[in-house]
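Heads up: the structure comes next, in structure tokens.
2 protein chains.
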Amino acid sequence: MRRILLLTLVTTALSGLAASANELRDIALETFKPLPSTVPAVPGNPATPEKVDLGKALFFDPRLSASGVFSCYSCHNLTTGGDDNMETSVGHGWQKGPRNSPTVLNAVLNEAQFWDGRADDLAAQAKGPVQASVEMANTPENAVATLKSMPQYVEWFAAAFPGEEEALSFDNMAKAIEVFEATLITPAPFDAWLNGDDSALNEEQLAGLQLFMDKGCSSCHSGVNVGGHGYYPFGLIEKPGAEVLPPDDKGRFAVTETVDDEYVFRAAPLRNIALTAPYFHSGKVWDLSVAVDIMAESQLGEELKPEETAQIVAFLGSLTGTVPSVTLPVLPAETSTTPHPTTMVVQ
Amino acid sequence: MRRILLLTLVTTALSGLAASANELRDIALETFKPLPSTVPAVPGNPATPEKVDLGKALFFDPRLSASGVFSCYSCHNLTTGGDDNMETSVGHGWQKGPRNSPTVLNAVLNEAQFWDGRADDLAAQAKGPVQASVEMANTPENAVATLKSMPQYVEWFAAAFPGEEEALSFDNMAKAIEVFEATLITPAPFDAWLNGDDSALNEEQLAGLQLFMDKGCSSCHSGVNVGGHGYYPFGLIEKPGAEVLPPDDKGRFAVTETVDDEYVFRAAPLRNIALTAPYFHSGKVWDLSVAVDIMAESQLGEELKPEETAQIVAFLGSLTGTVPSVTLPVLPAETSTTPHPTTMVVQ
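Protein chains in written order, with the UniProt record's numbering: chain A, 1 to 347; chain B, 1 to 347.
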């Protein structure tokens, strides 16, 4: 009799837990979406194995920079979370970029690219750093001349863009990089949980998820990338200090020239956030707990208790995903017509 | 009858060719050696899968540099022949290194490391760039503190150096990198030919090999790495111009402080030479044909005919090998105790 009672109690308790887990999942699924099970398609830029391989080669090729020092991989390092773990990136001539380098992982799922969303997609984004004087400091003409000087690249572009008269072009370089980058999606425990695996998140992470929704974090950090869409003023309730929000970077204002867009940024996508310190566009905050507290105060007017911060940080840890296995490409060798690298800084 | 005669003639011609191929191979095998079929063992530093994996992680980790910008991979890029395709490498603070970065591919088979042979082995070599102020500009203390701040690295070192009280040390960092680098050997058509495959080299390459031996190139560039051992003055017969041989870099003189060692360098290993322009310790020559002509004049007092140069260059092309497939490691994430990177240049 006692054993039957015990069993009944345990069963009731378990089904209670399951019910509440299912309830939380139902609510969460109104706000978040698990990663797709296949590589996201890029509108207007269909992926083929040839294009993905070409894109991978280009992503790793330092000869796309004027100096030969930097490739896409330099600031979007796939061994360290898809970013470079620096406040702001170091580029040509040891110049520092204006904003923290965002992760390339899952970036294909962002509504727009860059902290101010000034590029509509990853192809548009890829053209930026190649030309930026403080990053790769190259010109489209020199990048194309470099690629054209290597017969293997000419073949690869022809195979990736069949039937195009000018297959090897700066635009197609960016398109190939985009389809490679689209492969960089990182399924995480949170996806497993959203997909129905109760054991994928622990109690602390579940409590963190609950808080993340209850406190209002998920008003901006939602969807498949837990952010990465929508534009919001940094300091909606209370402006953070100048150290974190430097007054001379007015964010999206530079894109729209609308006063309403002063200090407005795209909500950061939070997948793999535990790997991508330092935080914010300024890269001034190294500790995820501190970043969470700053967000709570500046955006929500909330002062979190230490255990609440810890729970939210635990939940954010469940967004750390598995990086797809990437084998290094073997790049074509330069020829006698390949432009030489230059470390000269043009002022 | 006619057919029989023809067949006899063809058979005789073929066996004549085979005989001469075998003869050339016999002579070549007195001077060269094919790559071993397994990863070379490193004396005093036995390889284990754990140590090789740790070494790979360290090789790719930019956090071994003070700035977080440079890893071993930066200047020994495995996608572009194991070097960086620059005259001299760019390092911390955009400073330029004094000499051309040599390839890491097959470097384990060199008698000693660096252009002047000042490091006995790859473990000793690996400690150099990490500390050099114009390269990674780090200190052993900061490198070890960085690694120790990440529990995953502590575990990996313990597994790679079992039973050692201080498994995570600067020395063991270098040892792990060494056993990873030992895996980077690149079997080439020349190895296949040395191993008996007549079809691996074409007529022009065979003629180039013959010339390479007849003219005396192989007096210095011999052995398994077609160089990489022995020290010789650059300009044995005739000093090349100051552009190629800058007067302020006296080579091995800086190591031995012996007048005889002025402008003496270790004979360059020639495997993958077609991939590793620009050439010489100064990195001033971009064209392999020009480099061959300079060598012939300065070391042998020979003026090569254009077709001879072309044949030698064709032979050197047969030293371009297959780079082993390398999958990018996923590195441990920083923690709150990880030292922050610094781009500051200490004068």
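Each residue gets a CB set at the ideal place from its N, CA and C atoms; glycine is no exception.
For residue i, which residues in chain A fall below 7 Å Cβ to Cβ?
{"i": "B:HIS340", "result": "TRP286"}
{"i": "B:VAL330", "result": "THR79, VAL323"}
{"i": "B:THR146", "result": "Going along chain A, no residue has its Cβ under 7 Å from B:THR146, so there is no contact; the nearest lies around 11 Å."}
{"i": "B:TYR38", "result": "Looking at the sequence itself, residue 38 of chain B is Thr, so the reference to Tyr does not match. Neighbours of B:THR38 on chain A: none; closest Cβ ~22 Å, over 7 Å."}
Quick check on this structure: which residue in the options has the alpha carbon closest to the alpha carbon of residue i?
{"i": "A:ALA28", "options": "A:VAL290, A:ASP191, A:GLU303, A:VAL345", "result": "A:ASP191"}
{"i": "B:GLU238", "options": "B:ALA143, B:ALA200, B:TRP115, B:TYR263", "result": "B:TYR263"}
{"i": "A:SER270", "options": "A:MET295, A:VAL346, A:GLN125, A:GLU303", "result": "It should be pointed out that residue 270 of chain A corresponds to Leu in this sequence rather than to Ser. Nearest option by C-alpha distance: A:MET295."}
{"i": "B:MET213", "options": "B:LEU316, B:LYS250, B:GLY196", "result": "B:LEU316"}
{"i": "A:ALA174", "options": "A:LEU122, A:SER325, A:ALA160, A:HIS229", "result": "A:LEU122"}
{"i": "B:GLY26", "options": "B:TRP193, B:PRO240, B:GLY241, B:GLY321", "result": "The sequence shown places Asp at residue 26 of chain B, not Gly. The option with the nearest alpha carbon to B:ASP26 is B:TRP193."}
{"i": "A:PHE157", "options": "A:ALA47, A:SER169, A:SER149", "result": "A:SER169"}
{"i": "B:ALA188", "options": "B:PHE180, B:ALA182, B:ASP197", "result": "B:ASP197"}
{"i": "A:ALA119", "options": "A:ARG266, A:LEU275, A:THR276, A:VAL69", "result": "A:ARG266"}
{"i": "B:ASN272", "options": "B:ALA291, B:SER101, B:GLY301, B:THR320", "result": "B:THR320"}
{"i": "B:GLU334", "options": "B:LEU54, B:PRO43, B:GLY68", "result": "B:GLY68"}
{"i": "B:GLU111", "options": "B:TYR231, B:THR146, B:VAL285, B:LYS250", "result": "B:TYR231"}
{"i": "A:GLU166", "options": "A:LYS148, A:ASP61, A:ALA182, A:VAL134", "result": "A:LYS148"}
{"i": "B:GLY208", "options": "B:VAL244, B:GLN311, B:ASP261", "result": "B:GLN311"}
{"i": "B:LEU275", "options": "B:LEU236, B:ASP287, B:HIS281", "result": "B:ASP287"}
Which residues in chain B have a C-beta closer than 7 Å to the C-beta of residue i? List them in chain order.
{"i": "A:SER325", "result": "THR327"}
List the residues of chain B that residue i touches, going by C-beta distances under 9 Å, in chain order.
{"i": "A:GLU334", "result": "THR80, ASN85, LEU275, ALA277, TRP286"}
Can you pull the chain A residues whose beta carbon is under 8 Å from the beta carbon of residue i, in chain order?
{"i": "B:THR183", "result": "Those within 8 Å of B:THR183 in chain A number zero; the least Cβ separation is about 13 Å."}
{"i": "B:THR337", "result": "Within chain A, no residue comes near B:THR337; the closest Cβ sits about 11 Å away, beyond 8 Å."}
{"i": "B:THR48", "result": "The contacting residues do not exist; B:THR48 stays about 21 Å from chain A at best."}
Using the rule of at least 16 other Cβ atoms within 10 Å of the residue's Cβ for burial, across every protein chain shown, is residue i buried or exposed?
{"i": "A:THR12", "result": "With a pLDDT of 49 at A:THR12, under the threshold of 50, the modelled position of this residue cannot be trusted, and the question is left open."}
{"i": "A:HIS221", "result": "buried"}
{"i": "B:LYS56", "result": "buried"}
{"i": "A:ASN22", "result": "exposed"}
{"i": "A:GLU308", "result": "buried"}
{"i": "A:LEU331", "result": "buried"}
{"i": "A:MET1", "result": "Here the model assigns A:MET1 a pLDDT of 47, short of 50, so the residue's position is not dependable, and the following value carries that caveat. Exposed: under 16 other Cβ atoms inside 10 Å."}
{"i": "A:PRO36", "result": "exposed"}
{"i": "A:VAL346", "result": "exposed"}
{"i": "B:SER89", "result": "buried"}
{"i": "B:GLU203", "result": "exposed"}
{"i": "B:SER336", "result": "exposed"}
{"i": "A:HIS340", "result": "exposed"}
{"i": "B:ASP83", "result": "buried"}
{"i": "A:ALA41", "result": "exposed"}
{"i": "B:ALA254", "result": "exposed"}
{"i": "A:PRO247", "result": "exposed"}
{"i": "A:GLU257", "result": "exposed"}
{"i": "B:GLY223", "result": "buried"}
{"i": "residue 392 of chain B", "result": "Residue 392 of chain B lies beyond the stretch modelled for chain B, which goes from 1 to 347, so this question has no answer here."}
{"i": "A:SER74", "result": "buried"}
Note down, in chain order, every chain A residue with its Cβ under 9 Å from the Cβ of residue i.
{"i": "B:THR31", "result": "Near B:THR31 there are no residues of chain A at all, since even the closest Cβ is about 26 Å away, more than 9 Å."}
{"i": "B:THR186", "result": "In chain order: nothing, as chain A lies at least about 10 Å away."}
{"i": "B:THR139", "result": "What B:THR139 touches in chain A: nothing, since even the nearest Cβ is about 19 Å away."}
I'd like to know if residue i contacts chain C, where contact means its C-beta is closer than 8 Å to some C-beta of that chain.
{"i": "A:THR256", "result": "Within the model displayed, chain C is absent; protein chains A and B are what it includes."}
Query raised in the report: Between the stretch 76 to 109 of chain B and chain A, which residues of the former have CB atoms less than 8 Å from a CB of the latter, in chain order?
Result: ASN77, LEU78, THR79, THR80, GLY81, ASP84, ASN85, MET86, VAL90, GLY93, TRP94, LYS96
Query raised in the report: Taking Cβ-Cβ distances below 8 Å as the criterion, which residues of the stretch 59 to 78 of chain A are in contact with chain B?
Result: PHE60, ASP61, PRO62, ARG63, SER67, GLY68, VAL69, SER74, ASN77, LEU78
Query raised in the report: Can you list, in chain order, the residues of the stretch 258 to 277 of chain B whose Cβ is nearer than 8 Å to any Cβ on chain A?
Result: ALA274, LEU275, ALA277
Query - Completely contained alpha helix (DSSP H) runs for the UniProt domain "Cytochrome c" (50 to 181) of chain A, where each covers 4 or more residues - result: 72 to 75, 122 to 131, 140 to 148, 151 to 160
Query raised in the report: Of the residues that make up the stretch 299 to 316 of chain B, which ones have a beta carbon closer than 8 Å to any beta carbon in chain A?
Result: none
Requested in this report: Give, in chain order, every unbroken run of the alpha helix (DSSP H) that is at least 4 residues long and sits entirely within the stretch 263 to 314 of chain A.
Outcome: 288 to 300
Query raised in the report: What residue ranges within the stretch 188 to 247 of chain A form continuous beta strand (DSSP E) runs of no fewer than 3 residues, ordered along the chain?
Result: 231 to 233
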